[in-house]
Amino acid sequence: MWNIGNVEISNRVVVAPMAGISNSAFRLTVKEFGAGLVVCEMISDKGIHFKNKKTLEMLHIEEGEHPISIQVFGGQKETLVEAAQFVEANTSADIIDINMGCPVNKVIKAEAGARWLLDPDKVYEMVAAVSSAVKLPVTVKMRIGWDEEHLFAVENALAAEKAGASAIAMHGRTRVQMYEGKANWDILRQVNDALTIPLMGNGDVRTPEDAKRMLEEVGCEGVMIGRAALGNPWMIYRTEHYLRTGELLPEPGPREKITTAKVHFERLVQLKGAELATREFRQHAAYYLKGIPRSAKAKVAVNQTTDPKKMVEILEDFAEQAEAIALRRI
Ligand SMILES: Cc1cc2nc3c(=O)[nH]c(=O)nc-3n(C[C@H](O)[C@H](O)[C@H](O)COP(=O)(O)O)c2cc1C
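Numbered according to the UniProt record's numbering, the sequence shown spans residues 1 to 330.
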C-alpha cells in the first residue's frame with residue numbers, strides 16, 4: 001500500500017493513460033484484473049472550457065474504477081485550472097493528472113504536453129496554479145526531457161514537487177524519441193533519488209519480471225504499464241501477483257482471452273452505443289487476438305465488421321477453432 005496525497009493505492013501496478021484506449025470500459029477491465037490505479041485518456045482543457053459533448057462524455061467514471069486519476073492537458077494556465085476545477089466539481093475523480101508528455105505536433109503547437117519539458121519554471125508555474133486551485137491531489141505525467149540536449153528530468157520533477165504535486169509519473173523517453181529506442185531507467189532512478197514524493201516509473205515494462213526489475217533498479221513506488229496491457233489485462237493480474245508472491249502465472253489460453261474481450265466489448269457498447277463501439281473495438285479485438293496462432297483471418301474479419309453481433313460471432317468462432325486446434329495437438 002502507498003499513497004498519492006490522501007489517496008491509498010492498494011498495489012504498485014498502475015495502468016498508463018492511453019488516448020483512444022483508456023475509457024471507462026478499458027479501465028474497468030484492467031481494474032478487475034487488479035490494477036492499483038487507473039488513469040483516463042488525456043482530456044483537453046479547451047474541450048472542457050467549450051463544454052464539447054465528446055470531451056464531457058470522456059469524463060464518465062464507473063463506480064468500480066476507484067481510485068482513478070483524470071488526466072487533463074492544455075497550454076494556458078487559466079483553462080488548465082478551469083479544467084481541473086471542473087473535474088473536481090463534476091466527477092468522482094480521486095486524482096487530477098497533468099499531461100506533460102504528449103509528443104504529438106498538434107498538442108505541442110498548442111504549447112501543451114511535452115512542450116513544457118523545455119522550461120522547469122513553466123512546469124512550476126502550471127503545477128502551482130493547478131494544485132492551489134483544487135483540493136484533490138495533483139500528479140504530473142512527464143517524459144525525461146525534450147531531447148538528449150534538453151534533459152531536465154530531475155529539474156522538471158523537482159519543480160513539480162515544489163509546486164505541490166503529490167506524485168510524478170515519468171516515461172523514460174524524450175519527446176523526440178516518441179516511442180522509439182529504449183526507455184532510460186537510469187534517469188528515472190536519478191529522478192526517484194531526488195524526489196520525496198512517489199514516482200511511477202514508465203516505459204518498456206513488457207513482462208511481470210520487467211516490472212520487478214524496474215521497481216528494483218529505479219526504486220520507484222509504482223510501475224506504470226501501457227502498451228503491454230493492450231488486449232492483455234492478464235499482464236496486470238500476472239504482474240500484481242508476481243510482485244506480491246514471486247510466482248509467475250501462465251499466460252491465458254485463447255478461450256479466456258476471447259471471454260474477456262467480449263466483456264470489454266459489451267462495456268464499450270454500453271458506454272458508446274453499438275455502432276461506435278464496434279468501430280472502436282476493432283483495434284482492441286486485434287490486440288486480444290495478437291500472438292494467438294492462426295488468428296490472421298479473424299483479425300482481418302474483426303477489422304472489417306460494422307455489426308456488433310458479427311464482432312462477437314467472429315470472436316466466438318475463433319475461440320472454438322483455436323480450442324479444436326489445441327485439442328488436436330494434445
Ligand atoms: C496509443 C497510446 C496512447 C497514449 N496516450 C497517452 C495519453 O493520453 N496521455 C499520456 O500521458 N500518455 C499517453 N501515452 C503514453 C503512455 O501513457 C506511456 O507513457 C507510453 O506508452 C510508455 O509506456 P509503455 O512502454 O508501458 O507503453 C499513450 C501511449 C499510447 C501507445
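The beta carbon of each residue, even a glycine, is placed where N, CA and C say it ideally should be.
Exercise. Is any heavy atom of ligand 1 found at a distance shorter than 7 Å from the C-beta of His264?
Worked result: no
Exercise. If you drop the 5 nearest sequence neighbours on each side, which residues of the same chain put their C-beta closer than 6 Å to that of residue 336?
Worked result: Because the chain here runs from 1 to 330, residue 336 falls outside it and cannot be looked at.
Exercise. What do you get for Thr306, buried or exposed, if any count of 16 or more other CB atoms within 10 angstroms of its CB means buried?
Worked result: exposed
Problem set entry | Sequence-distant residues of the same chain with beta carbon closer than 7 Å to Met18, five excluded per side | Glu41, Gly226
Exercise. Looking at the structure shown, is Asn3 part of a helix, part of a strand, or coil, going by DSSP?
Worked result: strand
Exercise. Nearest CA to the CA of Pro120: which residue from Gly145, Asn303, Cys220?
Worked result: Gly145
Exercise. Considering only C-alpha positions, which residue in the set Ala35, Leu289, Thr245 is nearest to Gln321?
Worked result: Leu289
Exercise. Do you know how far the Cα of Pro137 is from the Cα of Ile61?
Worked result: 17 Å
For this session: Mind reading off the beta-carbon distance from Met200 to Ala169? Whole number of angstroms is fine, and I expect it under 8 Å.
Result: Indeed they touch by this definition, with Cβ atoms about 4 Å apart.
Exercise. Can Val218 and Leu188 be called in contact, C-beta distance under 8 Å?
Worked result: yes
For this session: Can you tell me which of the three DSSP states Ile292 falls into?
Result: In the displayed model, Ile292 falls within coil according to three-state DSSP, outside both helix and strand.
For this session: Count the other C-beta atoms from every protein chain shown that fall within 10 angstroms of the C-beta of Thr245, then say buried if there are 16 or more, exposed otherwise.
Result: Per the 10 Å Cβ criterion, exposed.
For this session: Report the residue from Lys299, Leu271, Arg294, Glu32 whose alpha carbon sits nearest the alpha carbon of Arg282.
Result: Of the listed residues, the one whose Cα sits closest to Arg282 is Lys299.
For this session: Taking only the alpha-carbon atoms, compute the straight-line gap between residue 333 and Val38 and give it to the nearest angstrom.
Result: One cannot answer for residue 333 here, as it falls past the ends of the chain, which runs 1 to 330.
Exercise. Counting pairs of beta carbons, one from the region 25 to 35 and one from the region 233 to 250, are three or more of them closer than 8 Å?
Worked result: yes
For this session: Identify, in the order they occur along the chain, each residue of the same chain with its Cβ nearer than 8 Å to the Cβ of Gly64, setting aside the five sequence neighbours on each side.
Result: Leu28, Lys31, Glu32, listed in sequence order.
For this session: Report yes if the CB atom of Met100 is closer than 8 Å to the CB atom of Lys141, and no otherwise.
Result: yes
Exercise. How do the region 251 to 259 and the region 5 to 14 stand: do at least 3 beta-carbon pairs fall below 8 Å, yes or no?
Worked result: no
Exercise. Smallest Cα separation from Thr139: which of Ile48, Ser92, Ile70?
Worked result: Measuring from the Cα of Thr139, the nearest candidate turns out to be Ile70.
Exercise. Sorted by chain position, which residues of the same chain lie with C-beta nearer than 8 Å to Ile197's C-beta, five sequence neighbours on each side aside?
Worked result: Glu161, Ala165, Ser166, Ala167, Ile168
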